[in-house]
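S.K.: This structure is in structure tokens; I'll ask about it shortly.
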Amino acid sequence: MIFKKFNIENKKARDLIPQAITVLALLSVIIYFATNAQINMGNRGISFGFGFLNQEASFDITFSMIEYDGSHSYGRAFLVGLLNTILVSVIGIFFATIIGVVVGVSRLSDNYLIAKVAEWYVEIFRNIPLILQIFFWYFAALRALPLPENGISFNDISFLTIKGWYVPKFIWTNFNIFLLSIIAAFIAIYFINSYATKQREQFGKQLPATSISLATLILIPLITFLFLGVSLTFEYPVLKQLSSTVYTYEGGVSIIPELIALALALSMYTATFIAENVRAGILGVGKGQKEAAASIGLNKNQILKLVVMPQALRIIIPPTTNQYLNLTKNSSLAAAIAYPDIVLVFAGTALMQTGRAIEIISITMLTYLTLSISISMFMNWYNKKMAIKEK
Amino acid sequence: MNLIAKPSKDNIKTYVPIGLSLVSLSFLDVFVNAFFNFNLMGFLPSQLSYFLPLILGFIGFYLIRIEFSGVRSLDILNKNINSNNFNALLTLFTIFIIIKSIPPMLDWFILEANFVGNSKDDCTGDGACWVFIKVWFNRFMYGLYPDAEQWRINTAFLILFAVVGVSFFVSEKLKKYFILFLVFVFPFLGIKLISGGSFGLEYVESAAWGGLSLTFIISAFAILFCFPIGVILALGRRSSLPAIKYISIGFIELWRGVPLITVLFMSAVMFPMFLPDGTFIDKLIRVLIAITLFEAAYMAEVVRGGLQALPKGQYEAAKSLGMGYWRMNALIILPQALKLVIPGIANTLLALVKDTPLIFVVGLMELAGMIGLAKTNPKWLGMAMEGYVFAGLVFWIICYAMSRYSQNLEKKLSTER
Numbered sequence: 001m002i003f004k005k006f007n008i009e010n011k012k013a014r015d016l017i018p019q020a021i022t023v024l025a026l027l028s029v030i031i032y033f034a035t036n037a038q039i040n041m042g043n044r045g046i047s048f049g050f051g052f053l054n055q056e057a058s059f060d061i062t063f064s065m066i067e068y069d070g071s072h073s074y075g076r077a078f079l080v081g082l083l084n085t086i087l088v089s090v091i092g093i094f095f096a097t098i099i100g101v102v103v104g105v106s107r108l109s110d111n112y113l114i115a116k117v118a119e120w121y122v123e124i125f126r127n128i129p130l131i132l133q134i135f136f137w138y139f140a141a142l143r144a145l146p147l148p149e150n151g152i153s154f155n156d157i158s159f160l161t162i163k164g165w166y167v168p169k170f171i172w173t174n175f176n177i178f179l180l181s182i183i184a185a186f187i188a189i190y191f192i193n194s195y196a197t198k199q200r201e202q203f204g205k206q207l208p209a210t211s212i213s214l215a216t217l218i219l220i221p222l223i224t225f226l227f228l229g230v231s232l233t234f235e236y237p238v239l240k241q242l243s244s245t246v247y248t249y250e251g252g253v254s255i256i257p258e259l260i261a262l263a264l265a266l267s268m269y270t271a272t273f274i275a276e277n278v279r280a281g282i283l284g285v286g287k288g289q290k291e292a293a294a295s296i297g298l299n300k301n302q303i304l305k306l307v308v309m310p311q312a313l314r315i316i317i318p319p320t321t322n323q324y325l326n327l328t329k330n331s332s333l334a335a336a337i338a339y340p341d342i343v344l345v346f347a348g349t350a351l352m353q354t355g356r357a358i359e360i361i362s363i364t365m366l367t368y369l370t371l372s373i374s375i376s377m378f379m380n381w382y383n384k385k386m387a388i389k390e391k
Numbered sequence: 001m002n003l004i005a006k007p008s009k010d011n012i013k014t015y016v017p018i019g020l021s022l023v024s025l026s027f028l029d030v031f032v033n034a035f036f037n038f039n040l041m042g043f044l045p046s047q048l049s050y051f052l053p054l055i056l057g058f059i060g061f062y063l064i065r066i067e068f069s070g071v072r073s074l075d076i077l078n079k080n081i082n083s084n085n086f087n088a089l090l091t092l093f094t095i096f097i098i099i100k101s102i103p104p105m106l107d108w109f110i111l112e113a114n115f116v117g118n119s120k121d122d123c124t125g126d127g128a129c130w131v132f133i134k135v136w137f138n139r140f141m142y143g144l145y146p147d148a149e150q151w152r153i154n155t156a157f158l159i160l161f162a163v164v165g166v167s168f169f170v171s172e173k174l175k176k177y178f179i180l181f182l183v184f185v186f187p188f189l190g191i192k193l194i195s196g197g198s199f200g201l202e203y204v205e206s207a208a209w210g211g212l213s214l215t216f217i218i219s220a221f222a223i224l225f226c227f228p229i230g231v232i233l234a235l236g237r238r239s240s241l242p243a244i245k246y247i248s249i250g251f252i253e254l255w256r257g258v259p260l261i262t263v264l265f266m267s268a269v270m271f272p273m274f275l276p277d278g279t280f281i282d283k284l285i286r287v288l289i290a291i292t293l294f295e296a297a298y299m300a301e302v303v304r305g306g307l308q309a310l311p312k313g314q315y316e317a318a319k320s321l322g323m324g325y326w327r328m329n330a331l332i333i334l335p336q337a338l339k340l341v342i343p344g345i346a347n348t349l350l351a352l353v354k355d356t357p358l359i360f361v362v363g364l365m366e367l368a369g370m371i372g373l374a375k376t377n378p379k380w381l382g383m384a385m386e387g388y389v390f391a392g393l394v395f396w397i398i399c400y401a402m403s404r405y406s407q408n409l410e411k412k413l414s415t416e417r
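Sequence lines, in order, name chains A and B. In terms of the working numbering, the first sequence has 98 at position 98, counting the first letter as 1, and numbering is strictly consecutive. In terms of the working numbering, the second sequence has 302 at position 302, counting the first letter as 1, and numbering is strictly consecutive.
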């Protein structure tokens, strides 16, 4: 008995000692760093705090989606940077998904040439560092574009030049109504689809839900144009001479070359990984599944929609979400070509001006951390929802 | 359609020659157009002559699409590139684009490019100016390392290659010592050789290191250190001791949640604030620590995948043999788990190599950084294309070789389970 008791206590002690050592070591490192930081900041005459966010930033940002100039605060500059990061990430994710799905499906094509071309696309773009691809597009490819006075024109509506891509500006009247109508259309589609699913599952009726949804999505916003006073006009970019040799475009929206280069490189690089996910997902659905679906009388579209895609998506979506997250984190490479994202604006310019390294780097890292953790929490939720419910 | 019979085995004798000649004609047209800038069908209206190759090729492919023709090569052709109208169109487009893009590429890379000379003025052609790469080659490889001392970098890498090469041919018993030497002795020997400062070698500060050799040095050290740290973190995350488990989780998720560039920023501007005033840690070492910790977090997740995939029976069997925690993990669990995740490990190491150019944020310049420096040299403006194509090619060869090697390793080590 005594021996046994001793043994149990011994095990408890064995568990406790390594934990205590680890925690103590971690705490001492943190305290050591914190003390040093306090002394260092005291020497430089700055105190820890986030009050600087309200101070006037007094620097300009080349590209901003919200109103911003030097008289706004550092907090506002942070917001501009964050919005620019989100903008390039959303554009990148959109195109990466399209290219990735096309290339991934092409790799499985029964056309030998197409499969080979897709394979080489993946091998080439996956094995070149992203930063080199960004440099290539920005410093080499986009610099070869013509000057504004002989910009490449698309039907005189939009112009591609070395200074950026000038596209027409959308001028809406009653945009709110239009937006509401789109939201209404999506809600309607949700109900149509759940009704169709119910009909299929209960009575075995097949409703053309996809075509009805598509019609709803077109019809409801169209009605707002015809009856509810929504209208859309375009403001086209026009070439203007500034001096004898300097030209520029006026009006419209200018998409800066930094954004184009970054979005191009990010989407082409990430697409290779998405393509591999798509390929693995489609290959992961067993042949027997398709044969079984065909043998119970489903047609080709139904097999794809009801049997193959749900199973393939279960394999494709988790790693693809991870790639979206990587793309968002990789968008921080923007700093290398001076696209004003959160790293360049905040961890770069703002840090240089204020010298508040600890606060600014912490805010920047926390922003990315929040983004990552919220996406991985969403992914865990999704995985749980989609997991095969075994009986 | 009744006028023209559907292609079948009956009319194979007439349809196949006609079809093949139409297809060849369409390829010939595009080929002549691309290489000799001469439009064979120029006598036709402009719109028609533009689309004619496509139309001809499409009809040709339609005519030769005969199922079970009995001719083996024709069947293989049809099955692979011509199984239906859509595939035929895709095939035509792909081949046209390839033919069309060969001449400009050939011109830029070789025919119109300049290879001889030693200044920008020698580049007279329209193509690439490879003189740029030739003149700067030394800098691209060694950075700002003094010319007279470059033999030291060469020697270090030669020793590395020699030891690795010899270790392939020695017996298993000796191999162990070679690996121990490579992991525990060589890195410090090599760094001493390159940095100098003793044994009569001139000291070369790390700010002068650069180019491709710096890429290799950083990758090698980061791989060396991130692997054991990653394994320990993975074991920590699976540990039954709560404090160790949650510290590991926090550490891993912190690094995985932020981009490497902010970690490097941190090591450059925030980390010095945490050290006593006046302490100075070399920039290269700070960067190495940052990259190592960053990649170790990713490595930990990969290794954890392997640990989770092992059946519980392996743990129980090891414990029933009376093995303790460390012996169980070192002898039973890790060898199997690591083998399972070779592709993941290889991908992490690949990502590490591809991340090295990011050290530009702290002012260190490896290959991509040196090209950035060279292309802004007033004597060599406008050479960005050549530089980045060269760097892309170098990195591509390294990464492609690594991924191929990992695939081979995976095949070699895979055992039936």
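Note that beta-carbon positions come from the ideal geometry of N, C-alpha and C, so glycine has one too.
Along the segment 266-290 of chain A, where does the CB come closer than 8 Å to a CB of chain B? Name the residues.
M.R.: Flagged: no residues at all.
S.K.: Note the first and the last residue of the continuous beta strand (DSSP E) segment covering A:L393.
M.R.: Residue numbering for chain A in the displayed model covers 1 to 391; residue 393 of chain A lies beyond these limits and cannot be assessed.
S.K.: Just by C-beta distance, which residues in the segment 218-238 of chain B are closer than 8 Å to chain A?
M.R.: Within the segment 218-238 of chain B, no residue qualifies.
S.K.: Within 10 angstroms of the Cβ of B:V131, are there 16 or more other Cβ atoms? Answer buried if so, exposed if not.
M.R.: As a position in the second sequence, residue 131 of chain B is number 131, starting the count at 1. It is buried - the Cβ of B:V131 has at least 16 other Cβ atoms within 10 Å.
S.K.: Just the C-alpha distance for B:F178 and B:F184, rounded to the nearest angstrom, thanks.
M.R.: Stepping through the second sequence from its first residue, residue 178 of chain B is reached at position 178. Stepping through the second sequence from its first residue, residue 184 of chain B is reached at position 184. Roughly 10 Å separates the two Cα atoms.
S.K.: Among the candidates A:K205, A:N176 and A:T210, whose CA atom is the shortest distance from the CA of A:F191?
M.R.: Counted from its first residue, the first sequence places residue 191 of chain A at position 191. Answer by Cα proximity: A:T210.
S.K.: Any chance you could list the beta strand (DSSP E) runs of at least 3 consecutive residues sitting entirely within the segment 107-190 of chain A, in chain order?
M.R.: Runs of the beta strand (DSSP E) inside the segment 107-190 of chain A: 152-154, 158-161, 164-167 and 169-173.
S.K.: I'd like the ranges of any alpha helix (DSSP H) spanning at least 4 consecutive residues and lying wholly in the segment 198-247 of chain A.
M.R.: As far as the segment 198-247 of chain A is concerned, its whole alpha helix (DSSP H) runs of at least 4 residues are 209-227.
S.K.: Leaving out five residues on either side along the sequence, give the residues of the same chain with a beta carbon under 6 Å from the beta carbon of B:P103.
M.R.: Locating residue 103 of chain B in the second sequence gives position 103, counting from the first residue. So the qualifying residues of the chain are A34 and F35.
S.K.: Counting only runs that start and end within the segment 348-387 of chain A, where is the alpha helix (DSSP H) found for 4 or more residues in a row?
M.R.: Runs of the alpha helix (DSSP H) inside the segment 348-387 of chain A: 351-354 and 357-386.
S.K.: Determine, using beta carbons only, whether B:L92 and B:Y15 come nearer to each other than 9 Å.
M.R.: Within the second sequence, residue 92 of chain B is the residue found at index 92, counting from 1. Within the second sequence, residue 15 of chain B is the residue found at index 15, counting from 1. No. Outside cutoff.
S.K.: DSSP three-state call for A:S254: helix, strand or coil?
M.R.: The count along the first sequence starts at 1 and reaches residue 254 of chain A at position 254. In this structure, A:S254 counts as strand in the three-state DSSP scheme.
S.K.: Interface residues of chain A around B:R256 at Cβ under 8 Å?
M.R.: Within the second sequence, numbered from 1, the residue matching residue 256 of chain B stands at position 256. What B:R256 touches in chain A: S372.
S.K.: Buried or exposed: B:L349, going by 16 or more other Cβ atoms within 10 Å of its Cβ?
M.R.: Against the second sequence, residue 349 of chain B aligns to sequence position 349. The residue in question, B:L349, is buried, as its Cβ has 16 or more Cβ neighbours within 10 Å.
S.K.: Go ahead and pull the three-state DSSP assignment for A:G51.
M.R.: Counting from one through the first sequence, the residue named residue 51 of chain A turns up at place 51. Helix.
S.K.: In whole angstroms, give me the CA-to-CA distance for A:E123 and B:Y400.
M.R.: Position 123 of the first sequence, counted from the first residue, corresponds to residue 123 of chain A. Position 400 of the second sequence, counted from the first residue, corresponds to residue 400 of chain B. When rounded, the distance between both Cα atoms is 8 Å.
S.K.: With a threshold of 9 Å between beta carbons, is A:D60 in contact with chain B?
M.R.: In the first sequence, counting from the first residue as 1, residue 60 of chain A sits at position 60. Taking Cβ atoms only, chain B never reaches closer than 9 Å to A:D60, which makes this a no.
S.K.: Counting only runs of 4+ residues fully inside the segment 304-363 of chain B, write out the alpha helix (DSSP H) ranges in chain order.
M.R.: With a minimum length of 4 residues, the continuous alpha helix (DSSP H) runs that stay inside the segment 304-363 of chain B are 312-320, 325-328, 334-340 and 342-355.
S.K.: Could you give the distance in angstroms between the alpha-carbon of A:A34 and the alpha-carbon of A:L24?
M.R.: Counting from one through the first sequence, the residue named residue 34 of chain A turns up at place 34. Counting from one through the first sequence, the residue named residue 24 of chain A turns up at place 24. Computed Cα separation, rounded: 15 Å.
S.K.: Count the other CB atoms, across all protein chains shown, that sit within 10 Å of the CB of A:T270; report buried if there are 16 or more and exposed otherwise.
M.R.: Residue 270 of chain A sits at position 270 when you count from the first residue of the first sequence. A:T270 should be labelled buried.
S.K.: Would a check of beta-carbon distances place A:F78 closer than 9 Å to chain B?
M.R.: Reading the first sequence from its first residue, position 78 is the one you call residue 78 of chain A. Output row for A:F78: interface = no.
S.K.: Please report the distance separating the alpha-carbon of A:G75 from that of A:N54.
M.R.: Counted from its first residue, the first sequence places residue 75 of chain A at position 75. Counted from its first residue, the first sequence places residue 54 of chain A at position 54. Roughly 6 Å between the two C-alpha positions.
S.K.: What does A:D15 touch in chain B if you count any residue whose Cβ is under 7 Å from its own?
M.R.: Here residue 15 of chain A is taken as the residue at index 15 of the first sequence, counted from 1. Under the 7 Å cutoff, chain B gives L241.
S.K.: Can you check whether the C-beta of B:L90 is within less than 9 Å of a C-beta belonging to chain A?
M.R.: Counting from one through the second sequence, the residue named residue 90 of chain B turns up at place 90. Closer than 9 Å to some Cβ of chain A, the Cβ of B:L90 qualifies, so yes.
S.K.: Between B:R417 and chain A, is the shortest Cβ-Cβ distance under 9 Å, so that the two count as touching?
M.R.: Here residue 417 of chain B refers to the residue found at position 417 of the second sequence. For B:R417, the predicted structure reports a pLDDT of 49, less than 50, and the residue's modelled location is therefore unreliable. A value from the coordinates is still provided. Chain A, which has no Cβ nearer than 9 Å to the Cβ of B:R417, makes this no.
S.K.: Do B:L260 and B:L358 have their C-beta atoms within less than 9 Å of each other?
M.R.: On the second sequence, position 260 is the one that residue 260 of chain B refers to. On the second sequence, position 358 is the one that residue 358 of chain B refers to. The answer is yes: Cβ separation under 9 Å.
S.K.: Interface residues of chain B around A:S332 at Cβ under 7 Å?
M.R.: Here the question's residue 332 of chain A lines up with position 332 in the first sequence. Neighbours of A:S332 on chain B, chain order: P259, I261 and T262.
S.K.: Candidates B:D126, B:F395, B:V302 and B:G372: which alpha carbon is nearest B:D355's?
M.R.: Position 355 of the second sequence, counted from the start, is the residue given in the question as residue 355 of chain B. Nearest of B:D126, B:F395, B:V302 and B:G372 to B:D355, Cα basis: B:F395.
S.K.: At the 9 Å Cβ level, is A:K300 part of the contact set with chain B, yes or no?
M.R.: Within the first sequence, numbered from 1, the residue matching residue 300 of chain A stands at position 300. Chain B, which has no Cβ nearer than 9 Å to the Cβ of A:K300, makes this no.
S.K.: Going by other Cβ atoms of all chains shown within 10 Å of its Cβ, with 16 needed for buried, is A:E67 buried or exposed?
M.R.: Translated into positions along the first sequence, residue 67 of chain A becomes position 67. Exposed.
S.K.: Output the distance between the C-alpha atoms of B:Y246 and B:S240, rounded to the nearest integer angstrom.
M.R.: As a position in the second sequence, residue 246 of chain B is number 246, starting the count at 1. As a position in the second sequence, residue 240 of chain B is number 240, starting the count at 1. B:Y246 and B:S240: Cα-Cα distance of roughly 10 Å.
S.K.: Alpha carbon to alpha carbon, how far is B:M370 from B:F390? Give it in angstroms, no decimals.
M.R.: Position 390 of the second sequence holds residue 390 of chain B. Position 370 of the second sequence holds residue 370 of chain B. About 12 Å.
S.K.: DSSP on A:Y249, reduced to helix/strand/coil?
M.R.: Taking the first residue of the first sequence as position 1, residue 249 of chain A is located at position 249. It is a strand residue.
S.K.: What does A:R143 reach in chain B if we use C-beta pairs closer than 9 Å?
M.R.: The residue you call residue 143 of chain A lines up with position 143 of the first sequence. Neighbours of A:R143 on chain B, chain order: G382, A384 and M385.
S.K.: To the nearest angstrom, report how far apart B:S414 and A:Q311 are at their CA atoms.
M.R.: Taking the first residue of the second sequence as 1, we reach residue 414 of chain B at position 414. Taking the first residue of the first sequence as 1, we reach residue 311 of chain A at position 311. Going by the C-alpha atoms only, they are around 28 Å apart.
S.K.: Bridge partners of B:E386, per DSSP?
M.R.: Walking along the second sequence from the start, residue 386 of chain B turns up at place 386. The partner list for B:E386 (beta bridge, DSSP) is empty, contrary to what the question assumes.
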